[in-house]
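To start, the structure under review is shown below, and the notes come after it.
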Amino acid sequence: MIKLNGVSKFYKPDVWALNKVSLDIEPGEFVSIVGQSGTGKSTLAKILFAEEPPTEGRIEIGGWDITDIKQYEIPYLRRQIGFIFQDFKLLPKKNVYENISFAMQTSGISEDRIKNVLPQILKIVGLQYKAGRYPNQLSGGEQQRAAIARALVHQPKLLIADEPTGNLDSINSREIIDLLVRINNLNTTVILVTHNRDIVNSLNKRVITMEGGRVISDQRRGRYIL
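Per the working numbering, the sequence shown starts with residue 1347, numbered consecutively.
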């Protein structure tokens, strides 16, 4: 599914955010990427989403070498990848239904398909009864659920969640992680970028630990050890 070979990322004047990272992630895996702030984990997520180009190394996703991906190819890549942000990024003047349908419309999905697919997505994330509410009428956990629903509109093979619980309390955090596990059980590969020790240790799934832009530990059934 994902292959990184010697991937590095340099920021001027003298910061190596990633330093020769090599990884293989298989289809259907749930992988937590952990480490303290500034260890390179969010940079890695951005590179996988083609938000940042690597300075060195090779990257493959689903057999597609995206190392030197062209600008016009990025939308095609992102139809295979869902990305969840810490700060939700919902449009405040659109309700839940409109936020998700807008993401589908901008990708050229027909109105008929939106009407058929969107209710199913809302049901997956547990917002089928709150489709008409606006972001300011939702709890933080519900806003993140709406953001996850938006990330699922293309039925992505890969879902990247970059600190998705960073703005949530422990109860809402647990609900979001449970939702990501359910999505993973639908054969979607999930990469969770987090520094939340309790969440990672409760999952008992693969844990990749980063420090100084390098992978220092890769445990198949691991714990957050730092």
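Cβ coordinates follow ideal geometry from the N, Cα and C atoms, glycine included.
These numbers were taken from a predicted model, which means no experiment stands behind them.
For residue j and residue i, believed in contact at Cβ under 8 Å, the rounded distance
i	j	result
Leu1505	Ile1529	6 Å
Ile1415	Ala1396	5 Å
Gly1559	Gly1386	4 Å
Leu1498	Gly1428	6 Å
Gly1381	Glu1557	6 Å
Inter-residue spacing [alpha-carbon to alpha-carbon] between residue i and residue j
i	j	result
Tyr1575	Ile1430	The question about residue 1575 has no answer here: the residues shown for the chain are numbered 1347 through 1572.
Ile1537	Lys1439	30 Å
Val1527	Val1471	12 Å
Lys1551	Asn1462	34 Å
Asn1531	Pro1373	12 Å
Gln1474	Glu1406	36 Å
Gln1432	Ser1548	20 Å
Gly1408	Thr1511	27 Å
Leu1394	Ser1447	25 Å
Pro1400	Ser1388	13 Å
Glu1457	Ala1495	17 Å
Gln1565	Leu1423	28 Å
Ser1354	Arg1459	40 Å
Thr1452	Asn1441	16 Å
Asp1515	Asp1370	32 Å
Ile1455	Glu1444	14 Å
Leu1437	Arg1479	12 Å
Pro1421	Gln1501	14 Å
Asn1365	Ile1412	18 Å
Gly1486	Asn1513	7 Å
Glu1398	Ala1363	12 Å
Val1553	Asp1544	13 Å
Tyr1418	Ala1507	24 Å
Phe1376	Ile1348	12 Å
Ser1519	Arg1425	26 Å
Met1450	Leu1464	9 Å
Contact under 7 Å by Cβ, residue i with residue j
i	j	result
Ala1477	Leu1468	yes
Thr1540	Glu1509	yes
Assigned exposure category for residue i - 16 Cβ within 10 Å defines buried
i	result
Thr1555	buried
Ile1517	exposed
Gly1352	exposed
Lys1435	exposed
Asn1482	exposed
Arg1491	buried
Pro1359	exposed
Glu1488	buried
Ser1383	exposed
Tyr1302	No statement about residue 1302 is possible, as the shown extent of the chain runs from 1347 to 1572 and does not include it.
Leu1525	buried
Ile1562	exposed
Val1361	exposed
Ser1378	buried
Ser1368	exposed
Any non-hydrogen atom of the ligand ADP within 6 Å of residue i CB
i	result
Thr1555	The ligand ADP is not part of this structure, which contains no ligands at all.
Complete runs of the alpha helix (DSSP H) confined to the segment 1384–1467 [at least 4 residues]:
1387–1394, 1420–1424, 1442–1451
At 3 residues or longer, what runs of the beta strand (DSSP E) sit wholly inside the segment 1467–1508?
1504–1508
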